[in-house]
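Numbering (the UniProt record's numbering) for the sequence shown: 1 to 803.
All remarks here apply to the structure that follows.
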Amino acid sequence: MGKLTNNMWRLLGAQSSRNQSKSLTLLKKAASFDDWAKELEDKEFAAAAEKLDITDPEGDDRARFLALAREAGDRTLDMRPFDVQLQGALRLLEGDIIEMATGEGKTLAGAIAAIGFVLQGHRVHVISVNDYLATRDAEWMKPLFDQFGIVSAAVSENSTRAERKTAYDADITYGSVNEIGFDVLRDQLVTRAGDLVSPKPDVAIIDEADSVLVDEALVPLILAGATIGEVPDKPIHDAVARLKKTHYEIDAEGRNVYLTDEGAAYIEAELGGINLYDEEHVGTTLVHVNVAMHAHILVERDVHYIVRDGGVHLINASRGRVAQLQRWPDGLQAAVELKEGLAQTDSGEVIDTITVQALIGRYPKVCGMTGTALAAGEQLRQFYQLAVSQIPPNTKNVRIDEVDRVFDNKSNKADAVVEFVKEVHESGQPILIGTHDVAESEELAHLLGRAGVTSVVLNAKNDAEEAKIIAEAGAKNAVTVSTQMAGRGTDIKLGGSKGQKDGESTSERDEVVELGGLCVVGTGRHDTERLDNQLRGRAGRQGDPGRSVFFSSAEDPVVTRNLTLKRDPVSSSEDGSLGSKGVDLIEQAQRVAEGVMLELHANTWRYNQLVNQQREIVVRRRTELLTTDAALTELKESENKRYLELIGDAPAEAEHKADETEASEDADQAGESVVTEKAEPVPVEVLEQAAREIMLFHLDRAWADHLAFVSDVRASIHLRSLGRESPLDEFHKLILEEFGKLPGDAVENARKTFREAVITVDGVDLEQADLRRSTTTWTYMVHDSPFSSGGAKALQGIIGIFR
Ligand code: ADP
Ligand code: MG
């Protein structure tokens, strides 16, 4: 660590200890109000809280607020908040990301902060990583909010539009990042202000903040609509399917595949002697070749996707389970379907998209909590200007984190893991094994089974089921194999769910404590130590005993992707272990990986930034059209004649003209338009709405077209910009140029429709004018996807990123 970094850490430390001592003083003060709070009747809490002015972070009223929260938690939830939880809540109120270990009670700390924000007049969204946690926490904390007369609710995948609207009207709304994001996107389909669902963003309290703000930040949430299916180019696909090993190269990270000269020549010949790199083919054929190579060479069945019920289902790599409603961008989805000989699913058009990062960026105030915040400090500061506060544990952590066991190759590692698990399992100590993907977890479960150890594998299930299973991971004799995100947020109690306070089951807990608590085994380091620590944190909650150990090998992806070794490390022992030199190797590889991820994130961020800003501009215009009479006002001005006709105020000359038309030869064909002109005058309110729908239609159309353009540019920019400007500059130039035309085009098209469409007392018939909105829409997230998170990767020639 450089000197500068050292100083920075010291400064950070100083800041955080200053904050700490401030909150300790306030906590002391709060204790002096305990009796006051105790004497209040339940129904007096709301009024007592309302009287407080808690804006001063060191004021008496804030201390009273803490006393109220403590008393209310005790009465309504049977949880008297620990000092550290109140401390956490205070830092949240100051807008920090707090680090509190797993099992320390972040749910309650977040809820108390939410109350604090509401008392200051804010509206709060508590954002979780999935629906299951959002619903669970909303239900769990509700009695506490009720005590303060605060309205709380949750949105989940199954909520109707009406339910969502009600939920967002509450003071505190719990929701998963997807659902909240999808609601923001779906609002882009609305043509009446009254149908809007998402409220104006105010305060976001983000649970598992590192996962949302760092790991998933670049994941785009997508709203797509069905269009006429686009069939991928079969000849290209077939040519690629015939490629031989010498025709392409895969980079060390397994993220890119390139044609060699020989390969390019082969494809060019197969496609009838074209030149892949000339202007005509660079943005089209070459992109398709890349997509097909991606599908054939980089994307592996059972690692990246599974085939089930005749369809391709993506496996979410970071969560290790089948991702519902998730698809790759169309080209790749279709290419993989072709590869598997499956029917082509409906292809869609992206109507709107927003990254998690941009979604969170809408909130003026953001704070959050996680077990691993410090390690994400750099990203949180750089991308969100958020500070981190470390909250000490309520009870000292006594978990033993053992030194890594590193082996020369994968197979020796696997042997060692099985051996270790078998041995620990014999004592009855519960074991939780963290693997990296579904394939690995199944393989391991198989190996364990062969060694006589029965295990439960957590994957491809829904979050609620996973939660139930993982809650039992602390039971005696349990062996649970999970992937990284599986069951995050679920409490693992020693002795299992029965190992709670009461009666007989207490002995179950005691027995497991006696055995040393939960033993966590990692089957390989992640690309960042932060995720390793998330896994370790599953053991040793609230002062429980526990143990964690990682097994690694010189063949692990974190090594092969990040280090180029001159020589393969050689083991001097029979089992293949590398000892401390192995540990050094792994740590070095992980440091490189962390650097790469940070750079990748920063780069993708640069690419997303401009499109995010453009989206903001479109949304602002959309809101104006939706909530004011701007549409008609503008059209009235430029198309005054038509306007007057419609409201039945046409000058005599126009009527005369209409008569003429009637008398003319093609009167019959023109019949309809004549009828319109003679029709009842259109009331102004109807006309306002018609104008609004017309303007919105063309604005939305233009934005969808723009997004398609952006995605094309992204897919080909690294090819286009060869030897010219930097890809980023070139990207910006093209995107800006294109966007510059959007407002004018949208208005021009709207004028034309206003002139030509049938507009009656019933409003405008856009369908009839062949201006259809997508009839079916769907939403999805693109995880670990090739094009999605960015241009950045496409630009570097990295077409895919698989963590
Ligand atoms: P985290 O999100 O920090 O991992 P949770 O909010 O899920 O932790 O809480 C973990 C467990 O701790 C829960 O079972 C909860 O009931 C318990 N808990 C939290 N706060 C308290 C408290 N003040 N008193 C007693 N139990 C608590
Ligand atoms: Mg939690």
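For every residue, glycine included, the Cβ atom is placed at its ideal position computed from N, Cα and C.
Since this is a predicted model, take the numbers as computed values, not measurements.
Heavy atom of the ligand MG within 8 Å of residue i beta-carbon
i: LYS566; result: no
i: GLU337; result: no
i: GLU262; result: no
i: THR107; result: yes
i: SER208; result: For clarity, residue 208 is Glu in the given sequence; the question names Ser instead. GLU208: yes, Cβ under 8 Å from the ligand MG.
i: LEU77; result: no
Contact test: residue i Cβ vs the ligand ADP heavy atom, cutoff 8 Å
i: ARG541; result: yes
i: GLY487; result: no
i: LEU518; result: no
i: GLU104; result: yes
i: LYS396; result: no
i: GLY546; result: no
i: PHE145; result: no
i: PRO81; result: yes
i: ALA101; result: yes
CB contact flag (residue i, residue j, <9 Å)
i: THR753; j: VAL761; result: no
i: ASP210; j: THR370; result: yes
i: SER548; j: ARG536; result: yes
i: PHE145; j: ILE115; result: yes
i: ILE172; j: VAL124; result: yes
i: LEU189; j: THR355; result: no
i: CYS367; j: ALA204; result: yes
i: THR523; j: GLU419; result: no
i: VAL263; j: THR246; result: First, the amino acid is wrong: residue 263 is Gly here, not Val. In this structure, THR246 lies closer than 9 Å to GLY263 by Cβ.
i: LEU563; j: VAL592; result: yes
i: ASP700; j: PRO569; result: no
i: GLU349; j: ALA769; result: no
i: ALA30; j: LEU40; result: no
i: MET79; j: GLY88; result: no
i: HIS237; j: ALA167; result: no
i: SER716; j: VAL287; result: yes
i: HIS296; j: LYS365; result: no
i: LEU771; j: PHE697; result: yes
i: LEU223; j: ILE351; result: yes
Whole-angstrom distance between residue j and residue i, CA atom to CA atom
i: ALA757; j: LEU766; result: 7 Å
i: SER318; j: SER482; result: With a pLDDT of only 49 at SER318, under the threshold of 50, the placement of this residue in the model should not be trusted; the figure read from the coordinates follows. Rounded to the nearest angstrom, the two C-alpha atoms are 11 Å apart.
i: MET695; j: LEU707; result: 18 Å
i: ALA63; j: PHE33; result: 7 Å
i: PRO143; j: GLY517; result: 32 Å
i: ARG161; j: LEU565; result: 56 Å
i: GLN382; j: GLU616; result: 21 Å
i: TRP36; j: LEU68; result: 9 Å
i: ARG405; j: LEU578; result: 8 Å
i: THR454; j: ARG509; result: 21 Å
i: GLN390; j: ASP60; result: 24 Å
i: ASP544; j: LEU432; result: 15 Å
i: GLU466; j: ARG136; result: 14 Å
i: GLY320; j: PHE65; result: Low local confidence applies: a pLDDT of 49 at GLY320 is under 50, so the model's placement there is unreliable, and no value is given.
i: LEU742; j: LYS200; result: 26 Å
i: GLU104; j: GLY487; result: 16 Å
i: SER427; j: ASP74; result: 38 Å
i: LYS606; j: VAL398; result: Rather than Lys, the amino acid found at residue 606 in this sequence is Arg. In a straight line, the C-alpha of ARG606 is about 42 Å away from that of VAL398.
i: LYS410; j: GLY121; result: 56 Å
Identity of the residue in the options nearest residue i by Cα
i: ALA702; options: ASN749, LEU728 and ILE297; result: ASN749
i: GLU139; options: ALA162, TYR174 and ASP169; result: TYR174
i: GLU378; options: ARG509, GLU599, LEU728 and GLY361; result: GLU599
i: GLU688; options: ILE759, VAL155, LYS244 and VAL350; result: ILE759
i: LEU374; options: GLU50, ILE97, ASP42 and GLU680; result: ILE97
i: TYR266; options: VAL126, ILE150 and TYR248; result: TYR248
i: ILE306; options: ALA47, ALA630 and GLN333; result: GLN333
i: THR435; options: VAL84, VAL521 and LEU26; result: VAL521
i: VAL457; options: ALA464, HIS446 and ARG450; result: HIS446
i: residue 876; options: ILE127, PHE148, ILE150 and GLY149; result: Past the boundaries of the shown model lies residue 876; the chain is included only from 1 to 803, so the question cannot be answered.
Heavy atom of the ligand SAM within 8 Å of residue i beta-carbon
i: LEU133; result: What this structure holds is the ligand ADP and the ligand MG, not the ligand SAM.
Identify every run of the alpha helix (DSSP H) within the region 260-321, keeping only runs that are complete inside it and at least 4 residues long; order them along the chain.
-> Residue ranges of uninterrupted alpha helix (DSSP H) with 4 or more members, entirely inside the region 260-321 and ordered along the chain, are 261-270, 279-282 and 285-293.
Which residue spans inside the region 584-627 form an unbroken alpha helix (DSSP H) run of at least 4?
-> The region 584-627 contains no whole alpha helix (DSSP H) run of 4 or more residues.
Sequence ranges, beta strand (DSSP E) only - wholly within the region 374-428, length at least 3 | Within the region 374-428, the runs of beta strand (DSSP E) at least 3 residues long that lie entirely inside it are, in chain order, 388-390 and 405-407.
Contained beta strand (DSSP E) runs [length at least 3] in the region 13-101, N- to C-terminal order | Counting whole runs of 3 or more residues, the region 13-101 contains the beta strand (DSSP E) stretches 97-99.
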